[in-house]
Structures are given as C-alpha cells and as structure tokens.
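Visitor: Residue numbers (the numbering used here): 4 to 359.
Every residue, glycine too, gets a C-beta built ideally from N, C-alpha and C.
In this text, all values refer to a predicted model and were calculated from it rather than measured experimentally.
Okay, here's the structure, questions in a sec.
Structure, rendered in structure tokens:
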C-alpha cells in the first residue's frame with residue numbers, strides 16, 4: 004500500500020522519479036521488439052506530449068483512460084550505477100582521504116590535534132564521500148549516453164537538465180538526476196515515463212517490472228481526455244509543507260497541485276489532517292496485525308480506505324481497490340472467530356438461564 008501511495012518511486016535520494024521528457028524506445032530481442040511496437044501502436048492515441056503550465060512538458064490523455072489501464076510499458080534508455088558499487092567506491096575514497104590526511108599531518112594528542120583529526124574526518128565523510136558518489140554516477144551516465152544511438156540521444160537530451168546550455172558530463176548527470184524513475188537498482192531514465200510529472204493527487208502510478216526489465220505507467224483511476232497523466236514522486240501521507248520540502252530538497256521544484264494549493268487555510272488544514280491520519284493508520288495496521296488485533300486492524304483499514312478515497316478525489320483508485328481486497332480478506336479471517344464467539348456467548352447465556 005505504501006509503495007502504491009508513493010508511486011514510485013522512489014525517493015529523490017534513490018535517484019527518484021522525475022520530471023521532463025520525450026519519445027520512445029524498443030526492445031532488444033525480436034519477440035520483445037515486436038511486442039513493444041504493437042503496444043506502442045495500440046496506445047498511440049492514448050496520450051500526447053504537451054507543455055504543462057509551470058511544469059514543462061508532460062503527458063496528457065488523448066482519450067478516456069480506464070481505471071487500471073496500462074498506459075506505458077517501455078525499456079529504459081540508461082540506468083545508474085548499482086548502489087553497491089557506488090557505496091563501495093565512495094567509502095573507499097572517504098577512507099583514502101582520511102588516511103592520506105592523517106599521514107600528511109603529524110598526529111598531535113593535544114586538543115588542537117584532536118580537533119584537526121575530527122575536522123579531517125568530517126571532510127572525508129561530508130565532502131569526499133558524496134563527491135565520489137556523484138562523480139561515479141556522472142561518469143557512468145556519460146559513458147552510457149555516449150553509447151546510445153542517434154534517436155536515443157535525442158530522446159535523452161530532450162529531457163530537462165536545468166542548464167541554459169550544454170556542459171559535457173554535467174548535463175548528462177543532471178538529466179539523469181532530474182528525470183530518473185525507480186528500478187531495482189539506483190534508478191533509470193525512460194523516454195516517456197520520465198515525462199510523467201508529479202502531483203499529490205495522482206492519476207497514475209509508476210512501477211518497475213523486474214521480470215521484463217521495463218518501466219510501466221498505469222492509470223490509478225479513470226483519466227479524462229485532456230487531463231494530465233501525473234504520478235506521485237513522494238509519500239502521499241504527509242502534510243503539504245513536508246511534501247513541498249521533500250520535493251525541493253530532492254528534486255528542486257515546488258508543487259502547486261490542488262492538494263498543495265487549497266483555496267483556503269481551513270481546507271489546507273483539513274487536507275493535511277487527513278493525510279497525516281492516513282500515515283498514522285498505515286503505520287498502526289501492521290503492528291496490530293502482528294499483535295493479533297485483527298478486529299482493530301480491520302477498523303483502522305476501513306478508516307484509512309474512507310479517508311484516502313476522500314483525499315484522492317473521492318473516486319475509486321488502485322490504492323483504495325487494494326485496500327478493499329485486504330478488507331475482504333480480513334473479514335473472511337475474522338468471520339469464523341466472530342461466529343465461534345457468538346456461539347460461546349449463546350451457550351454461556353443458556354447455561355446461566357438454566358442455572359437460574
């Protein structure tokens with residue numbers, strides 16, 4: 004439920020789901036390539052790429068898109084380096100910087116010497132380590148970009164970089180950082196999925212199919228013609244201030260969706276209260292299930308369903324549908340116990356009446 008509520012991906016730290024955008028890719032094997040082409044033809048009139056005020060380019064529905072309908076299924080243009088490799092490399096550089104610095108400066112057990120050693124450690128941890136990780140990512144992305152064909156390069160460089168002109172390596176790295184969507188590793192960039200903009204009231208969800216190595220965009224609810232196809236990049240169940248802060252820190256943009264720009268302070272407070280409540284309920288349900296409190300967990304899940312549906316536009320979504328399935332399962336588990344309790348209570352009442 005939490006993964007669906009967040010979309011994706013992904014938080015900005017794990018290269019994040021992201022913003023601006025372009026065209027389309029194909030599979031590598033004959034079977035996959037044929038399936039990709041047929042899917043592209045089937046969905047050719049489903050959406051179009053348009054300028055979205057305040058967001059840049061995005062995807063807009065060209066027809067009615069049904070609840071749960073698959074909108075996109077495409078391979079990535081390129082992927083970031085594995086997180087394990089990035090972590091190993093950055094820690095190695097940090098340790099090397101610390102070791103070289105310690106050797107270059109004679110150790111002094113005095114307070115001043117200890118402060119110098121502490122400062123060196125902070126530099127290694129806070130400067131050298133993240134710099135090494137960024138350089139590794141930039142180098143890997145630049146190398147993969149250089150290996151793309153002409154169409155792939157056009158699609159990649161059509162995405163937003165945030166720079167007014169091309170700067171070798173930096174432009175490639177920023178495009179990846181600002182447009183990556185989640186996968187099994189550290190994120191990937193897709194020609195079309197990377198053009199799905201953010202909204203705190205999403206109409207679609209992003210997902211990575213690890214079995215096929217392709218990224219999918221699916222309608223979270225019914226999407227009307229000319230409505231933007233948007234997904235959430237962050238945890239939905241936060242107040243508006245927390246959501247805007249997360250987006251600015253990780254993705255360098257603010258959100259002006261209807262959930263973040265309510266017409267009045269009272270409406271904004273009510274929305275924030277509902278989303279905070281959803282987050283609290285989402286955390287409490289697994290704990291109650293672990294403690295065997297099935298009835299209480301069912302009550303919380305029903306409350307979460309009602310509040311989430313109201314906050315997400317008052318229409319059925321994949322998120323609330325999944326909740327409904329869980330509610331049905333929990334009721335089925337609870338039913339035998341409830342019947343047994345009724346029988347036991349009835350027997351106790353009958354025994355008491357007989358005794359009297």
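Just to confirm my understanding: we take residue 139, look at its own chain, exclude 5 residues before and 5 after, and list those with CB closer than 8 Å. What are they?
Guide: 84, 88, 89, 92, 93
Visitor: Around the Cβ of residue 246, are there at least 16 other Cβ atoms within 10 angstroms (buried) or fewer (exposed)?
Guide: buried
Visitor: Going by DSSP, what residues sit across from residue 1 in a beta bridge?
Guide: With the chain covering only 4 through 359, there is no way to say anything about residue 1.
Visitor: Would you tell me roughly how many angstroms separate the C-alpha atoms of residue 128 and residue 102, rounded to the nearest one?
Guide: Computed Cα separation, rounded: 12 Å.
Visitor: Taking the beta carbon of residue 167 as the centre, do at least 16 other beta carbons fall within 10 Å, making it buried, or is it exposed?
Guide: exposed
Visitor: Check each candidate in 132, 306, 333 and name the one with the smallest Cα separation from residue 295.
Guide: Here the closest residue by C-alpha is 333.
Visitor: Is the separation between the beta-carbon of residue 158 and that of residue 81 shorter than 8 Å?
Guide: Contact flag unset, no.
Visitor: Please classify residue 228 as buried or exposed, where buried requires at least 16 neighbouring CB atoms within 10 angstroms.
Guide: exposed
Visitor: Over the uninterrupted alpha helix (DSSP H) stretch that includes residue 185, give me the two end residues.
Guide: Element bounds for residue 185: n/a, residue is neither H nor E.
Visitor: Rounded to whole angstroms, what is the Cα-Cα separation between residue 317 and residue 199?
Guide: 22 Å
Visitor: Distance, Cα to Cα, residue 274 vs residue 257?
Guide: 18 Å
Visitor: Considering only the beta carbon of each residue, do residue 74 and residue 322 sit closer than 8 Å?
Guide: no
Visitor: Can you look up residue 220 in the DSSP assignment and give me helix, strand or coil?
Guide: strand
Visitor: Which residue wins for smallest C-alpha separation from residue 194, given the options 269, 52, 172?
Guide: 52
Visitor: Shortest alpha-carbon distance to residue 191 belongs to which of 60, 210, 221, 240?
Guide: Of the candidates 60, 210, 221, 240, 210 places its Cα closest to the Cα of residue 191.
Visitor: Comparing C-alpha positions only, which one of 164, 207, 252, 299 sits nearest to residue 59?
Guide: For residue 59, the closest C-alpha among the options 164, 207, 252, 299 is that of 164.
Visitor: Determine the burial state of residue 253: buried for a count of at least 16 other Cβ atoms within 10 Å of its Cβ, exposed for fewer.
Guide: When all chains shown are included, residue 253 counts as buried.
Visitor: Over the uninterrupted beta strand (DSSP E) stretch that includes residue 210, give me the two end residues.
Guide: 207-212
Visitor: State yes or no: is the C-beta of residue 308 within less than 8 Å of the C-beta of residue 285?
Guide: The Cβ atoms of residue 308 and residue 285 lie no closer than 8 Å to each other.
Visitor: Within a Cβ cutoff of 7 Å, which residues of the same chain sit near residue 65, ignoring the five residues on either side of it in sequence?
Guide: For residue 65, where only same-chain residues beyond five positions count, the Cβ hits under 7 Å are 48, 49, 50, 51, 228.
Visitor: With a CB to CB cut of under 7 Å and the five nearest residues on each side skipped, what residues in its chain are close to residue 297?
Guide: Hits under 7 Å: 333, 336, 337.
Visitor: Once the 5 residues before and after residue 155 are set aside, which same chain residues still bring their CB inside 6 Å of it?
Guide: Setting aside the 5 residues that flank it on each side, residue 155 is surrounded in the same chain by 80, each with a C-beta closer than 6 Å to its C-beta; the list follows chain order.
Visitor: So residue 203 and residue 260 are in contact, right, with Cβ under 8 Å, and what is the actual spacing, rounded?
Guide: 5 Å
Visitor: If you scan the region 152-184 from start to end, which runs of the beta strand (DSSP E) of 3 or more residues do you find wholly inside it?
Guide: none
Visitor: Could you check what DSSP says for residue 68 in three-state terms: helix, strand or coil?
Guide: Of the three classes helix, strand and coil, the one that applies to residue 68 here is strand, per DSSP.
Visitor: Closest by CA to residue 171, which one among 196, 186, 142?
Guide: 142
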